[in-house]
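Start counting the sequence shown at 42; every next residue gets the next number (my numbering). Built from N, CA and C at the ideal position, the CB exists for glycine as well. Everything below concerns the one structure shown next.
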Amino acid sequence: MASGALLILLPFLAAVAAADVAPAPAPPPQLNLTGILEKGGQYSTLLRLLNATRVNDQLSSQLKSTYDGLTFFAPTDAAFAMLRPGTLNGLTDQEQVQLVLYHVLPRYYSLTTFQTTSNPLRTQASGPGGVYTVNVTTTTGQSLVNVSTGVAAVPVGTTLFAEFPLAVYSVDGVLLPEQIFGKAKAPAPAPASTGKAKERKKGGAVPKNEVVATAPTAGAGEDSDESTNAAAVAGASMAWGAVWAVALVGVVNLVIA
Numbered sequence: 042m043a044s045g046a047l048l049i050l051l052p053f054l055a056a057v058a059a060a061d062v063a064p065a066p067a068p069p070p071q072l073n074l075t076g077i078l079e080k081g082g083q084y085s086t087l088l089r090l091l092n093a094t095r096v097n098d099q100l101s102s103q104l105k106s107t108y109d110g111l112t113f114f115a116p117t118d119a120a121f122a123m124l125r126p127g128t129l130n131g132l133t134d135q136e137q138v139q140l141v142l143y144h145v146l147p148r149y150y151s152l153t154t155f156q157t158t159s160n161p162l163r164t165q166a167s168g169p170g171g172v173y174t175v176n177v178t179t180t181t182g183q184s185l186v187n188v189s190t191g192v193a194a195v196p197v198g199t200t201l202f203a204e205f206p207l208a209v210y211s212v213d214g215v216l217l218p219e220q221i222f223g224k225a226k227a228p229a230p231a232p233a234s235t236g237k238a239k240e241r242k243k244g245g246a247v248p249k250n251e252v253v254a255t256a257p258t259a260g261a262g263e264d265s266d267e268s269t270n271a272a273a274v275a276g277a278s279m280a281w282g283a284v285w286a287v288a289l290v291g292v293v294n295l296v297i298a
């Protein structure tokens, strides 16, 4: 009897046990920065930079294990169009990576958080001088946020995505790090002067702006001597001519007398 009752209750016990087991939670959707930008529809240049520099792969890996989250400022195509022609092509591969990472903050910031944060804020870009930073200012009582790089101040526009661990904000200007764009490159120093002609290597060419004295040739000296002798002879001839003229006048006067 007992075994028969157990057999009858066994299906019900199995059903209860299955009901007590909680279903496994669905894995969280994978964050896709490029998908967010593609949905925005005006970030083609930024998407090309993310792929060319492989920064997109780096950020995707970080989002899987980050505890602080990430904040990304996304310049529009119009923002890149305002740059001087050739600006991006004039950067080295490393500088392009630094430019993209300069738009990434290694922490999740909501627009409200920006109002209470302390400047400067660290970015994920760095160089020989250390980590590149930005300053963020807000307008009291409004949700207006400006990001200053030391080169220009860029207002934060539309929120494309804001759910921990990722916040993506559209910006109408490219954030230009002062370490790359803030100072003009110094011209190359002029080569040191070689000094006097005697310090120049034997047989070296003489610069055009140097005047070199040359000794007169032998032929020139002979011509000068001959000219001097001819002048002396001519002078003597003229003197004797004057003496004969005076004598002739004296004779004529005697005859007439």
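(request) Helix, strand or coil for Asn-176, going by three-state DSSP, please let me know. (result) Residue numbering aside, residue 176 sits at position 135 when the sequence shown is read from its first letter. DSSP places Asn-176 in strand when its eight states are reduced to three.
Measuring straight from C-alpha to C-alpha, what distance separates Gln-139 and Arg-125? Along the sequence shown, one-based indexing puts residue 139 at 98. Along the sequence shown, one-based indexing puts residue 125 at 84. Cα to Cα, the separation comes out at about 18 Å.
Tell me the start and end of each unbroken beta strand (DSSP E) in the stretch 67 to 142 that is at least 3 residues and wholly inside, in chain order.
111 to 116
From Gln-103 to Gly-127, what does the alpha carbon distance come to, in whole angstroms?
Position 62 of the sequence shown, counting from 1, holds the residue named residue 103. Position 86 of the sequence shown, counting from 1, holds the residue named residue 127. Approximately 31 Å, taken between the alpha carbons.
(message) Less than 8 Å between the C-beta atoms of Leu-185 and Tyr-149, yes or no?
(response) Residue numbering aside, residue 185 sits at position 144 when the sequence shown is read from its first letter. Residue numbering aside, residue 149 sits at position 108 when the sequence shown is read from its first letter. It is not a contact, given that the beta carbons lie outside the stated cut-off.
Could you spell out the range, first to last residue, of the beta strand (DSSP E) harbouring Thr-190? Residue numbering aside, residue 190 sits at position 149 when the sequence shown is read from its first letter. Careful: Thr-190 lies outside any beta strand (DSSP E) and carries neither H nor E.
Candidates Ala-120, Leu-88, Tyr-143: closest to Val-212 by CA position
Indexing the sequence shown from 1 puts residue 212 at position 171. Ranking Ala-120, Leu-88, Tyr-143 by Cα distance to Val-212 puts Ala-120 first.
For this session: Mind checking which residues open and close the beta strand (DSSP E) that includes Leu-162?
Result: The residue you call residue 162 lines up with position 121 of the sequence shown. Per DSSP, Leu-162 belongs to the beta strand (DSSP E) from 162 to 168.
Go through its chain and collect everything with a Cβ distance to Val-172's Cβ below 6 Å, but skip five positions before and after it. Within the sequence shown, numbered from 1, the residue matching residue 172 stands at position 131. Only Arg-163 meet the Cβ criterion.
task = Determine the direct distance from the alpha carbon of Val-145 to that of Tyr-108, and round the result to whole angstroms.
result = In the sequence shown, counting from the first residue as 1, residue 108 sits at position 67. In the sequence shown, counting from the first residue as 1, residue 145 sits at position 104. One C-alpha to the other measures close to 15 Å.
According to the Cβ coordinates, are Leu-142 and Ala-166 closer than 8 Å?
As a working mapping, residue 142 is identified with position 101 in the sequence shown. As a working mapping, residue 166 is identified with position 125 in the sequence shown. Yes, Cβ-Cβ distance for Leu-142 and Ala-166 is below 8 Å.
inquiry  = Rounded to whole angstroms, what is the Cα-Cα separation between Lys-80 and Ser-159?
reply    = Taking the sequence shown and counting its residues from 1, one reaches residue 80 at position 39. Taking the sequence shown and counting its residues from 1, one reaches residue 159 at position 118. The alpha-carbon atoms of Lys-80 and Ser-159 are separated by roughly 32 Å.
Let's test the definition: count the other Cβ atoms within 10 Å of the Cβ of Gly-214 and tell me whether it reaches 16, buried, or not, exposed. Working through the sequence shown from its first residue, we reach residue 214 at position 173. Buried, by the Cβ-count rule.
Where do the ends of the beta strand (DSSP E) carrying Leu-207 lie? For the purposes of this step, residue 207 is taken as residue 166 along the sequence shown, with counting starting at 1. Unbroken beta strand (DSSP E) run through Leu-207: 207 to 212.
Practice item. Can you give me the Cβ contacts of Tyr-84 inside the same chain, cut-off strictly under 7 Å, excluding the 5 residues immediately before and after it? Key: Here residue 84 refers to the residue found at position 43 when the sequence shown is read from its first residue. So the qualifying residues of the chain are Leu-78, Ala-115, Thr-117, Asp-118.
For Pro-147, tell me which candidate among Phe-155, Val-175, Leu-111, Thr-179 has the shortest Cα-Cα distance. To locate residue 147, count along the sequence shown from 1; it is residue 106. Comparing Cα positions, the closest option is Leu-111.
For Thr-200, count the other beta carbons within 10 Å of its own beta carbon; 16 or more makes it buried, fewer makes it exposed. Which is it? One-based indexing of the sequence shown puts residue 200 at position 159. So Thr-200 counts as exposed.
Note to self: At the level of alpha carbons, what is the spacing between Gly-191 and Phe-222?
What the structure shows: The residue labelled residue 191 in the question sits at position 150 within the sequence shown. The residue labelled residue 222 in the question sits at position 181 within the sequence shown. Taking the straight line joining both Cα atoms gives about 10 Å.
Legend entry - Residue environment, Phe-113, which counts as buried when at least 16 other CB atoms sit within 10 Å: Within the sequence shown, numbered from 1, the residue matching residue 113 stands at position 72. Answer is buried; the Cβ neighbour count reaches 16.
To which residues of the same chain is Lys-226 closer than 7 Å at the C-beta, ignoring the five residues directly before and after it? Within the sequence shown, numbered from 1, the residue matching residue 226 stands at position 185. At Lys-226, the pLDDT of 41 sits below 50, so the modelled position is not reliable and the matter cannot be decided from this model.
query = Can Gln-156 and Thr-179 be called in contact, C-beta distance under 8 Å?
reply = Reading the sequence shown from its first residue, position 115 is the one you call residue 156. Reading the sequence shown from its first residue, position 138 is the one you call residue 179. Yes, the pair counts as a contact, with Cβ atoms nearer than the cut-off.
From which residue to which residue does the alpha helix (DSSP H) around Thr-154 run? Translated into the one-based positions of the sequence shown, residue 154 becomes position 113. Counting along the chain, the alpha helix (DSSP H) containing Thr-154 begins and ends at 152 to 155.
### Task
Keeping to the same chain, check which residues put their C-beta closer than 7 Å to that of Thr-75; ignore five residues upstream and five downstream.
Residue 75 sits at position 34 when you count from the first residue of the sequence shown. So the qualifying residues of the chain are Leu-88, Leu-91, Asn-97.
Note down, in chain order, each residue of its chain lying with its Cβ closer than 8 Å to the Cβ of Ala-229, except the 5 sequence neighbours on either side.
By 1-based counting over the sequence shown, the position of residue 229 is 188. Confidence is the limiting factor: at Ala-229 the pLDDT is only 42, short of 50, which leaves the residue's position unreliable and the question unanswerable from this model.
Let me make sure I understand the geometry here. Which of Gly-131, Gly-168, Val-197 has the alpha-carbon closest to that of Gln-220? Residue mapping note: residue 220 aligns to position 179 of the sequence shown, counting from 1. Nearest C-alpha to Gln-220: Gly-168.
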